[in-house]
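Asks:
Number of protein chains: 2
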Amino acid sequence: MKLDIDTLMQARNLDAFIIFGHGEHNPPMYYFTGGGHIMHATLIKRRGDAPVLFHGDMERDEAAKSGLKCIPFSKYDYDALFEKAGKDTLLATAMRCELMLRELGVSAGRVGVYGTYDLGWSFGVLAYLQKLLPNIEIVGEAPGASLIVRAMETKDEVEVERIRAMGKLTTEVVAQTRDYLTSCEVRADEVLLKEDGSPLTVGDVHAKIRLWVAEKGGELPSGFIFAIGRDAGVPHSGGTPEDLMRLGQTIVFDIYPAERGGGYYYDFTRTWSLGYATLEAQELYDQVLEIFNKLMDNFDLYSPFKDYHRMTCEYYQSKGHKTPLNTKSPIEGYVHSLGHGVGLNIHERPFSGLTSGDDERLAPGVVITSEPGLYYPEKGMGVRIEDTLWVRPDGQIEKLAEYPYDFVLPMKMWRQR
Amino acid sequence: MKLDIDTLMQARNLDAFIIFGHGEHNPPMYYFTGGGHIMHATLIKRRGDAPVLFHGDMERDEAAKSGLKCIPFSKYDYDALFEKAGKDTLLATAMRCELMLRELGVSAGRVGVYGTYDLGWSFGVLAYLQKLLPNIEIVGEAPGASLIVRAMETKDEVEVERIRAMGKLTTEVVAQTRDYLTSCEVRADEVLLKEDGSPLTVGDVHAKIRLWVAEKGGELPSGFIFAIGRDAGVPHSGGTPEDLMRLGQTIVFDIYPAERGGGYYYDFTRTWSLGYATLEAQELYDQVLEIFNKLMDNFDLYSPFKDYHRMTCEYYQSKGHKTPLNTKSPIEGYVHSLGHGVGLNIHERPFSGLTSGDDERLAPGVVITSEPGLYYPEKGMGVRIEDTLWVRPDGQIEKLAEYPYDFVLPMKMWRQR
Numbered sequence: 003m004k005l006d007i008d009t010l011m012q013a014r015n016l017d018a019f020i021i022f023g024h025g026e027h028n029p030p031m032y033y034f035t036g037g038g039h040i041m042h043a044t045l046i047k048r049r050g051d052a053p054v055l056f057h058g059d060m061e062r063d064e065a066a067k068s069g070l071k072c073i074p075f076s077k078y079d080y081d082a083l084f085e086k087a088g089k090d091t092l093l094a095t096a097m098r099c100e101l102m103l104r105e106l107g108v109s110a111g112r113v114g115v116y117g118t119y120d121l122g123w124s125f126g127v128l129a130y131l132q133k134l135l136p137n138i139e140i141v142g143e144a145p146g147a148s149l150i151v152r153a154m155e156t157k158d159e160v161e162v163e164r165i166r167a168m169g170k171l172t173t174e175v176v177a178q179t180r181d182y183l184t185s186c187e188v189r190a191d192e193v194l195l196k197e198d199g200s201p202l203t204v205g206d207v208h209a210k211i212r213l214w215v216a217e218k219g220g221e222l223p224s225g226f227i228f229a230i231g232r233d234a235g236v237p238h239s240g241g242t243p244e245d246l247m248r249l250g251q252t253i254v255f256d257i258y259p260a261e262r263g264g265g266y267y268y269d270f271t272r273t274w275s276l277g278y279a280t281l282e283a284q285e286l287y288d289q290v291l292e293i294f295n296k297l298m299d300n301f302d303l304y305s306p307f308k309d310y311h312r313m314t315c316e317y318y319q320s321k322g323h324k325t326p327l328n329t330k331s332p333i334e335g336y337v338h339s340l341g342h343g344v345g346l347n348i349h350e351r352p353f354s355g356l357t358s359g360d361d362e363r364l365a366p367g368v369v370i371t372s373e374p375g376l377y378y379p380e381k382g383m384g385v386r387i388e389d390t391l392w393v394r395p396d397g398q399i400e401k402l403a404e405y406p407y408d409f410v411l412p413m414k415m416w417r418q419r
Numbered sequence: 003m004k005l006d007i008d009t010l011m012q013a014r015n016l017d018a019f020i021i022f023g024h025g026e027h028n029p030p031m032y033y034f035t036g037g038g039h040i041m042h043a044t045l046i047k048r049r050g051d052a053p054v055l056f057h058g059d060m061e062r063d064e065a066a067k068s069g070l071k072c073i074p075f076s077k078y079d080y081d082a083l084f085e086k087a088g089k090d091t092l093l094a095t096a097m098r099c100e101l102m103l104r105e106l107g108v109s110a111g112r113v114g115v116y117g118t119y120d121l122g123w124s125f126g127v128l129a130y131l132q133k134l135l136p137n138i139e140i141v142g143e144a145p146g147a148s149l150i151v152r153a154m155e156t157k158d159e160v161e162v163e164r165i166r167a168m169g170k171l172t173t174e175v176v177a178q179t180r181d182y183l184t185s186c187e188v189r190a191d192e193v194l195l196k197e198d199g200s201p202l203t204v205g206d207v208h209a210k211i212r213l214w215v216a217e218k219g220g221e222l223p224s225g226f227i228f229a230i231g232r233d234a235g236v237p238h239s240g241g242t243p244e245d246l247m248r249l250g251q252t253i254v255f256d257i258y259p260a261e262r263g264g265g266y267y268y269d270f271t272r273t274w275s276l277g278y279a280t281l282e283a284q285e286l287y288d289q290v291l292e293i294f295n296k297l298m299d300n301f302d303l304y305s306p307f308k309d310y311h312r313m314t315c316e317y318y319q320s321k322g323h324k325t326p327l328n329t330k331s332p333i334e335g336y337v338h339s340l341g342h343g344v345g346l347n348i349h350e351r352p353f354s355g356l357t358s359g360d361d362e363r364l365a366p367g368v369v370i371t372s373e374p375g376l377y378y379p380e381k382g383m384g385v386r387i388e389d390t391l392w393v394r395p396d397g398q399i400e401k402l403a404e405y406p407y408d409f410v411l412p413m414k415m416w417r418q419r
């Protein structure tokens, strides 16, 4: 949480940090501003002090909405710096950055750098800054374990409510999709038909899902998966647009919309079989649902996340499937890890893979996915069930959006003979 | 154009460059791959040689679609590097980067770095790489004038066709918006009504525009402007969602969608007044259209873009308006510059401001906007007209999408008394 930032800075021996970039589609900046259509800005935080947002003059109002202390770039005479820098934009910007750091009392020590932004600009500015302030050490960090990612790992209640709102949007789109699919007419060869009588394709459904998410005000910045048959058995496949929608095949629908502007995500999966299911698919589904429910009963405050991944592997192995525990990089059976944290990044700490850290735990405030699955691409099927869960401060594990777990969806205008 | 890259590298004395980041929402990478859902990859180009795309094994198919020479990261034993690096991810990645550079024969000289990506990771990796290869000099560049931006300044025909396709999408959405607005019922106080009889707000129209763009398969990564009255007079305002839609007020509709995944943009503006226009607004409109048409008649191959901005200032001054030529940062009259290049960035070279370079010219292959406007926020009005234009290799200036220039839009169910 943001409250942990100073402690995390101390643990890394960081005296300050800088975030570059826009207010949107830039998780570290968004984390502090809460969003807002702010063009290129610079946030600086000195350990022990509140963060300060430096911004263009035009964006005074948007910057103020963040509730942060704001200083317009115009406080510094960029034109004079530009002349002094021999008209070198990067040097002039570094000189302004030096003034900003000095203003906050930072002229020595270790300074972290974060953000998603133009690398040529950033590397150029930082290289000059390092020369201008030889007593600071600019520190890069791997994004998987950076200060910001560690702070983001636990969410405060404001963040959880934003994720919950995306859960509502997500399950509404899923319900809309289900309603649309089950209302379709069905041809004699079990292919679904559109209103105009032509076959319904996976691509048609993709377009509708995109539309419904946009209609409700969400974004799909990382895409989504709606895949049938063999593709449902390949967790990486988004679905082949030309595939026809048919009865009796597994459909994996994994949807992860975010707030518009690159904000908080929700992550959700259901697997369906329209009209009827094959015995083999039903058996897979029952196993996935059984371990899904067992995990829900067993999640426990402060336990390492990977323990539940291991529990899932062990359950599947008892049913005769390959898993990462008995097979290196399996391509059928259980082929991924149980889940991951969700927030301003679709995948963030804590992770659950066998090699993830002992410190990646179900700590209070963590928001994670639980998404056990089974995949048999050669048999043309795959199953996954996923909800997004909040580890509440009181230790309860709360599902952030409810949605039914039916596998076979009855078709409104078709009956099995 | 991509064909100019080696010449541009020579002019900058660059021996090689590296692009980090994803295949989407990352203009430098997109420029070479042409798009594609490629997660973190690294592109390296040595001067005189074709670029090489290094990618994760899972993304073999998407990488291959780029038509580039592809090498999977798995060619290098990352696990061994990770151990050798004392489990330091950034150092191990830098070591792999060193192997990749050496593989392409780069072990000395000036190496540029481009892309939009995580700064902590990039700075950390590049700082190590600089130590591993002391004979290279890593070079940052200001994005406004970087090698890639300079190459992007002129478009090849494949790029122009992609921009043209976005122009088609854009004008279709504009036509849909016009059709919707002019079909609304109108209350006695000249407020437009929705189907349910409640007042139509700017926010309602925003939602419809977003929906229609999504429906046609486009994205609005940089937002858009649909603003009425006073907001139409503030070029920076996107429109206030709570504002009611009314007759007889200027509406500025500036829409700049891109291909999904952060691809090529189109940029377009029309100004409308529903039902009727005030005399004052009509006069502004006539002046904007007159200079717009005059510019279209005068655009000439190889002329500096800023000459046309100056021509626009001079025309407006003759009509008694403030402009950047006679006023520092005017807030009414003509308050911005004439236009900018459009491509994988919504704003890119060439620029047209008074201080832009003599080398920012209407060279063959350049795609620019022409968008003269007049703004009087205190009078509650603003006007802008904008099309996206291609300077063809034969020297003709071609509008990339046709759309009428009517100002007053007759309402289908309302007549002026």
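Protein chains in written order, with the working numbering: chain A, 3 to 419; chain B, 3 to 419. Every residue gets a Cβ at the ideal spot worked out from N, C-alpha and C, and that includes glycine.
Indicate whether residue 352(B) and residue 307(B) have their beta-carbon atoms separated by less than 7 Å.
Replies: yes
Asks: Return helix, strand or coil for residue 323(A), following the three-state DSSP convention.
Replies: coil
Asks: Say whether chain B places a C-beta atom closer than 7 Å to the C-beta of residue 350(A).
Replies: With 7 Å as the cut-off, residue 350(A) does not count as an interface residue toward chain B.
Asks: Work out the CA separation of residue 57(B) and residue 238(A) for me, nearest whole Å.
Replies: 15 Å
Asks: Mind listing the chain B neighbours of residue 116(A)? Cutoff is C-beta to C-beta under 9 Å, in chain order.
Replies: 120, 121, 122
Asks: How about residue 99(B) and residue 149(B): do their beta carbons lie closer than 7 Å?
Replies: no
Asks: Can you find at least 3 beta carbon pairs, one from the region 375-388 of chain B and one from the region 169-179 of chain B, that sit closer than 8 Å?
Replies: no
Asks: Mapping DSSP to helix, strand and coil, what is residue 154(B)?
Replies: Here residue 154(B) sits in helix by DSSP.
Asks: For a cutoff of 7 Å on Cβ pairs, would you count residue 145(A) as touching chain B?
Replies: yes
Asks: I need the DSSP call for residue 115(B), collapsed to helix, strand or coil.
Replies: strand
Asks: Listing by chain order, which chain A residues have their CB less than 7 Å from the CB of residue 212(B)?
Replies: 216
Asks: Helix, strand or coil for residue 370(A), going by three-state DSSP, please let me know.
Replies: Strand, per DSSP.
Asks: Got a sec: which bits of the region 59-84 of chain A sit with their beta carbon under 7 Å from any beta carbon on chain B, in order along the chain?
Replies: Cβ proximity to chain B below 7 Å picks out 60 from the region 59-84 of chain A.
Asks: Along chain B, which residues have their Cβ under 7 Å away from the Cβ of residue 148(A)?
Replies: 122
Asks: Between residue 363(A) and residue 113(A), what straight-line distance do the alpha-carbon atoms span, to the nearest angstrom?
Replies: 28 Å
Asks: Name the two residues that bound the continuous beta strand (DSSP E) containing residue 377(A).
Replies: 375-378
Asks: Please tell me whether residue 238(B) has its Cβ less than 7 Å away from any Cβ of chain A.
Replies: So yes, residue 238(B) belongs to the interface.
Asks: Of all the residues that make up the region 86-111 of chain B, which are near chain A by a beta-carbon distance shorter than 7 Å?
Replies: 91, 92
Asks: Using the beta-carbon of each residue, which ones in chain A are nearer than 8 Å to residue 341(B)?
Replies: Chain A residues near residue 341(B): none, gap ~19 Å exceeds 8 Å.
Asks: My parser needs the beta strand (DSSP E) runs of 3 or more residues fully inside the region 237-271 of chain A; what are they?
Replies: Here the runs fully enclosed are 252-257.
Asks: Mind pulling the chain A residues with CB within less than 7 Å of residue 140(B)?
Replies: 125
Asks: Can you find the residues in the same chain that come closer than 7 Å, C-beta to C-beta, to residue 78(B), ignoring five residues on each side of it along the sequence?
Replies: Cβ neighbours of residue 78(B) beyond the five flanking positions: 98, 101.
Asks: Within its chain, find whatever has a CB closer than 7 Å to the CB of residue 205(B); leave out the 5 residues flanking it on each side and keep chain order.
Replies: 243, 244
Asks: Report buried or exposed for residue 406(A), applying the criterion of at least 16 other Cβ atoms within 10 angstroms of its Cβ.
Replies: exposed
Asks: At which residue ranges does the region 291-370 of chain B contain complete beta strand (DSSP E) runs of 3 or more residues, listed in the order of the chain?
Replies: 350-353
Asks: Please state whether DSSP places residue 165(A) in a helix, a strand or coil.
Replies: helix
Asks: In three-state DSSP terms, what is residue 228(B)?
Replies: strand
Asks: DSSP three-state label for residue 3(A), please.
Replies: Coil, per DSSP.
Asks: Helix, strand or coil, according to DSSP, for residue 126(A) in the structure here?
Replies: helix
Asks: Starting from residue 81(B) and walking both ways along the alpha helix (DSSP H), at which residues does that stretch end?
Replies: 80-86
Asks: So which residues on chain B does residue 129(A) lean against when the C-beta distance must stay under 7 Å?
Replies: 142
Asks: By the three-class DSSP mapping on this structure, what secondary structure does residue 62(B) have?
Replies: DSSP, read as helix, strand or coil, puts residue 62(B) in helix.
Asks: Please list the residues of the region 21-42 of chain A that have a C-beta atom closer than 8 Å to any C-beta atom in chain B, keeping them in chain order.
Replies: 22, 23, 27, 39
Asks: If you follow the alpha helix (DSSP H) that residue 210(A) is in, where does it begin and where does it stop?
Replies: 204-217
Asks: Take the Cβ of residue 347(B) as the centre, count every other Cβ of all protein chains shown within 10 Å, and call the residue buried at 16 or more, exposed below.
Replies: Under this definition residue 347(B) is a buried residue.
Asks: So, are the CB atoms of residue 64(B) and residue 40(B) less than 7 Å apart?
Replies: yes
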